[in-house]
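Visitor: Protein sequences, first through last, are from chains B and R.
Each residue of the first sequence is one higher than the one before, starting from -1 at the first, in my numbering.
Each residue of the second sequence is one higher than the one before, starting from 167 at the first, in my numbering.
Positions of the beta carbon are idealized from the N, C-alpha and C atoms, including for glycine.
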Amino acid sequence: MKIKGLIDLKNIKKGIFKENPIFILLIGLCPVLAITTSVANALGMGIAVTFVLLCSNSIISGLRKVIPADIRLPSFIVIIASFVTVVELLLKAFFPALNRSLGIFVPLIAVNCIILGRAEAFAFKNPLSESIVDALTIGIGFTFALLLISFIREVLGSGKLLGFQIPYFSPALFFAFPAGAFLVIGMLMGMFQLRTNKKG
Amino acid sequence: MFKKGLILGTISFCAAVLVSLTYILTKPIIAQQSLNIERKSISTFLPDVEKIEKVENEAGIYYKCYREGKLLGYALVVLADGYSSNIKLIAVIDSKKIIKGIKVLEQQETPGLGTKITEPWFEDQFKNKETGRLVLGKDIEAISGATISSNAVVEAVKKEIEQFKIENED
Chain B
-1 MKIKGLIDLK NIKKGIFKEN PIFILLIGLC PVLAITTSVA NALGMGIAVT FVLLCSNSII
59 SGLRKVIPAD IRLPSFIVII ASFVTVVELL LKAFFPALNR SLGIFVPLIA VNCIILGRAE
119 AFAFKNPLSE SIVDALTIGI GFTFALLLIS FIREVLGSGK LLGFQIPYFS PALFFAFPAG
179 AFLVIGMLMG MFQLRTNKKG
Chain R
167 MFKKGLILGT ISFCAAVLVS LTYILTKPII AQQSLNIERK SISTFLPDVE KIEKVENEAG
227 IYYKCYREGK LLGYALVVLA DGYSSNIKLI AVIDSKKIIK GIKVLEQQET PGLGTKITEP
287 WFEDQFKNKE TGRLVLGKDI EAISGATISS NAVVEAVKKE IEQFKIENED
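(1) Answer yes or no: do R/K295 and R/F211 have a C-beta to C-beta separation smaller than 8 Å?
(2) On the three-state DSSP scale, how would you describe R/L255?
(3) Nearest chain R C-beta to B/S200 closer than 8 Å, yes or no?
(4) Between the Cα of R/P286 and those of R/S207, R/G175, R/K170 and R/V185, spot the shortest distance and give me the residue it belongs to.
(5) Using beta carbons (cut-off 8 Å, strictly below), is R/L184 in contact with chain B?
(6) If you draw a straight line from the C-alpha of B/E17 to the C-alpha of R/I177, how long is it?
(7) Quick check: B/M43 and B/L106, are their CB atoms within less than 8 Å of each other?
(8) For R/N223, which of helix, strand or coil comes out of DSSP?
(9) Quick one: complete beta strand (DSSP E) runs, 3+ long, within the stretch 185 to 237 of chain R?
(10) Taking the CB atoms as reference points, tell me whether R/S315 and R/I283 lie closer together than 8 Å.
(11) How long is the line joining the alpha carbons of R/I218 and R/E289, rounded to whole angstroms?
(12) Taking only beta-carbon positions, decide if R/I196 is within less than 8 Å of chain B.
(13) Could you check whether B/I33 and B/I285 sit closer than 8 Å to each other, using their CB atoms as the reference points?
(14) Between the stretch 94 to 120 of chain B and chain R, which residues of the former have a C-beta closer than 7 Å to a C-beta of the latter?
(15) Is it buried or exposed for R/V338, if we count other Cβ within 10 angstroms and need 16 for buried?
(16) Residues of chain D with CB closer than 8 Å to the CB of R/K170, please, in chain order.
(17) Near R/T297, what residues of its chain come up, given a Cβ to Cβ distance below 7 Å and the 5 sequence neighbours on each side ignored?
(18) If I follow the unbroken beta strand (DSSP E) through R/I265, where does it start and stop?
(19) What does the Cβ neighbour count give for R/C231, buried or exposed, with the cut at 16 atoms within 10 Å?
(20) Does the beta-carbon distance from R/V243 to R/K236 come in below 8 Å?
(21) Nearest CA to the CA of B/A143: which residue from B/S168, B/V109, B/A179 and B/L7?
(22) Under the DSSP definition of a beta bridge, which residues are partnered with R/G239?
(23) Residues of chain R with a CB under 7 Å from the CB of B/P72: which are they?
(24) Suppose the cutoff is 7 Å on Cβ atoms and the five residues either side in sequence are ignored; what does the same chain contact list for B/K12 look like?
(25) What residue range does the alpha helix (DSSP H) around B/S59 cover?
(26) Helix, strand or coil: which one does DSSP assign to B/T75?
(27) Three or more beta-carbon pairs under 8 Å between the stretch 126 to 140 of chain B and the stretch 64 to 80 of chain B, yes or no?
(28) Name the DSSP bridge partner or partners of B/D68?
(29) Report yes or no: is there a C-beta of chain B within less than 8 Å of the C-beta of R/I203?
(30) Compute the Euclidean distance between the alpha carbons of B/L7 and B/E128, then round it to the nearest angstrom.
(31) Would you kindly work out how many angstroms separate the C-alpha atoms of B/K0 and R/C180, rounded to a whole number?
(32) What is the DSSP secondary structure of R/Q291, reduced to helix, strand or coil?
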């Protein structure tokens, strides 16, 4: 088994730009709105989702010849939900502060449509190595999007960066609220779409 | 048909084994973490505390807090029935049942509304109050949009402290 293209820059670029789950594919937006108030939260959420995606994509791809098509959805849900529970327990044990600030959005990774979407659209139809690359590509794109949004929101909304106060800067609280999240995501989405459209 | 059921059953079984193993392995660590957080919040409200002793009996779980052998106060673990979850919090009182402070430890209330019970401005309202002076809307300002969560915290704290019997120290 060769994990070809894993270190390929083209794949990373594809995840960040051409197939970015947030800005281009527009999936899994709910946690994005909620947890991007700080960069630390965004990084934690990005890693958690990438981990679940990696595990579920590999298992589902590995079992794709064993699982009959008409029971694939319940199987996906069981597999995904188990990994999410594992992640939740691990976060509780080793990163309790992060777990508290992500709150309900950790168990909700189970119903994040990025994960079920990749299982259905990619992992169930493609070999293991490609599914792993796909999980990493999408995971990196998702984490990148979260970091970008949370960076803008944390700086503008609370005048902080990674929890440290930025001197001589008075924040606009608006960006820390959900309405600010919509505005930031909308603007970024526009920019990314513009870039994709220009490239044809 | 039977074969499909068997496949789904096997997947579910493997998943259950994975989850159970993680649960068993992380359980002691999680318990230790929550104990650390409880102790940390006790010492923010009773900065002089030197020794914290855990008591578990039919009245519930609470901590006795000492300094140089003298009892400073108690920390009660309070369970409240919130809007969408069970809220667990710690209420620190002195030996005259005056509240030194409360800290919400676990909750899964509505994000953005009920979750505000964990914010310092809400928790700080309980400081230096007696249970007789815990009326929502009068002594404690409720969170707008989360009256049920606010009320659950206030009532549970009040009930727990009122029922708690201060032991006579010899």
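Guide: For this structure:
(1) Position 129 of the second sequence, counted from the start, is the residue given in the question as residue 295 of chain R. Position 45 of the second sequence, counted from the start, is the residue given in the question as residue 211 of chain R. Against a cut-off of 8 Å, the Cβ pair of R/F211 and R/K295 comes out as no contact.
(2) Taking the first residue of the second sequence as position 1, residue 255 of chain R is located at position 89. Reduced to three states, the DSSP call for R/L255 is strand.
(3) Nothing can be reported for residue 200 of chain B: it is not among the residues displayed for chain B, which extend from -1 to 198.
(4) In the second sequence, the residue the question calls residue 286 of chain R occupies position 120. Of R/S207, R/G175, R/K170 and R/V185, the smallest CA-CA separation from R/P286 is found for R/S207.
(5) Counting from one through the second sequence, the residue named residue 184 of chain R turns up at place 18. Yes, R/L184 counts as interfacial toward chain B.
(6) Working through the first sequence from its first residue, we reach residue 17 of chain B at position 19. Working through the second sequence from its first residue, we reach residue 177 of chain R at position 11. Looking at the two C-alpha atoms, the distance is approximately 31 Å.
(7) Counting from 1 along the first sequence, the entry for residue 43 of chain B is found at position 45. Counting from 1 along the first sequence, the entry for residue 106 of chain B is found at position 108. In this structure, B/L106 does not lie closer than 8 Å to B/M43 by Cβ.
(8) Looking up residue 223 of chain R in the second sequence gives position 57. It is a strand residue.
(9) Counting whole runs of 3 or more residues, the stretch 185 to 237 of chain R contains the beta strand (DSSP E) stretches 217 to 223 and 226 to 233.
(10) Taking the first residue of the second sequence as position 1, residue 315 of chain R is located at position 149. Taking the first residue of the second sequence as position 1, residue 283 of chain R is located at position 117. The answer is yes: Cβ separation under 8 Å.
(11) Locating residue 218 of chain R in the second sequence gives position 52, counting from the first residue. Locating residue 289 of chain R in the second sequence gives position 123, counting from the first residue. Taking the straight line joining both Cα atoms gives about 22 Å.
(12) Taking the first residue of the second sequence as position 1, residue 196 of chain R is located at position 30. For R/I196, the answer is yes, since a Cβ of chain B falls inside 8 Å of its Cβ.
(13) With chain B covering -1 to 198 only, the question about residue 285 of chain B has no answer from this structure.
(14) For the stretch 94 to 120 of chain B, residues whose beta-carbon sits nearer than 7 Å to a beta-carbon of chain R comprise P94, G101 and I102.
(15) This structure gives no information on residue 338 of chain R, because the portion of chain R shown stretches from 167 to 336.
(16) Among the protein chains of the structure shown, namely B and R, there is no chain D.
(17) As a first step, residue 297 of chain R must be located in the second sequence, where it is residue number 131. Its chain contains K263, K324, I327 and E328 as the residues whose beta carbon lies nearer than 7 Å to that of R/T297, once the 5 sequence neighbours on both sides are disregarded; these appear in chain order.
(18) Here residue 265 of chain R is taken as the residue at index 99 of the second sequence, counted from 1. Following the DSSP letters along the chain, one finds R/I265 inside the beta strand (DSSP E) bounded by residues I265 to E272.
(19) For the purposes of this step, residue 231 of chain R is taken as residue 65 along the second sequence, with counting starting at 1. Label assigned to R/C231: buried.
(20) Position 77 of the second sequence, counted from the start, is the residue given in the question as residue 243 of chain R. Position 70 of the second sequence, counted from the start, is the residue given in the question as residue 236 of chain R. Judged by their CB atoms, R/V243 and R/K236 are not nearer to each other than the 8 Å cut-off.
(21) Here residue 143 of chain B refers to the residue found at position 145 when the first sequence is read from its first residue. Nearest of B/S168, B/V109, B/A179 and B/L7 to B/A143, Cα basis: B/A179.
(22) For the purposes of this step, residue 239 of chain R is identified with residue 73 of the second sequence, where counting begins at 1. Under DSSP, R/G239 shares a beta bridge with R/C231 and R/D260.
(23) Start at 1 with the first residue of the first sequence, and residue 72 of chain B comes out as number 74. For the C-beta of B/P72, the chain R residues within less than 7 Å are, from N- to C-terminus, L174.
(24) One-based indexing of the first sequence puts residue 12 of chain B at position 14. Result list for B/K12: T135, in chain order.
(25) For the purposes of this step, residue 59 of chain B is identified with residue 61 of the first sequence, where counting begins at 1. V37 to G60 is the extent of the alpha helix (DSSP H) around B/S59.
(26) Reading the first sequence from its first residue, position 77 is the one you call residue 75 of chain B. Thr is not the amino acid found at residue 75 of chain B; the sequence shown has Ile there. Reduced to three states, the DSSP call for B/I75 is helix.
(27) With contact defined as three or more Cβ pairs closer than 8 Å, the stretch 126 to 140 of chain B and the stretch 64 to 80 of chain B are not in contact.
(28) Mapped onto the first sequence, residue 68 of chain B falls at position 70. Answer is none; B/D68 lacks a bridge partner.
(29) Numbered from 1 along the second sequence, position 37 holds the residue referred to as residue 203 of chain R. Residue-level contact by beta carbon holds for R/I203 and chain B, with a gap shorter than 8 Å.
(30) On the first sequence, position 9 is the one that residue 7 of chain B refers to. On the first sequence, position 130 is the one that residue 128 of chain B refers to. The C-alpha of B/L7 lies about 15 Å from the C-alpha of B/E128.
(31) Here residue 0 of chain B refers to the residue found at position 2 when the first sequence is read from its first residue. Here residue 180 of chain R refers to the residue found at position 14 when the second sequence is read from its first residue. In this prediction, B/K0 has a pLDDT of 48, which is less than 50 and means its spatial position is unreliable; nothing more can be read from the coordinates.
(32) For the purposes of this step, residue 291 of chain R is taken as the residue at position 125 of the second sequence. R/Q291 falls in the coil class under three-state DSSP.
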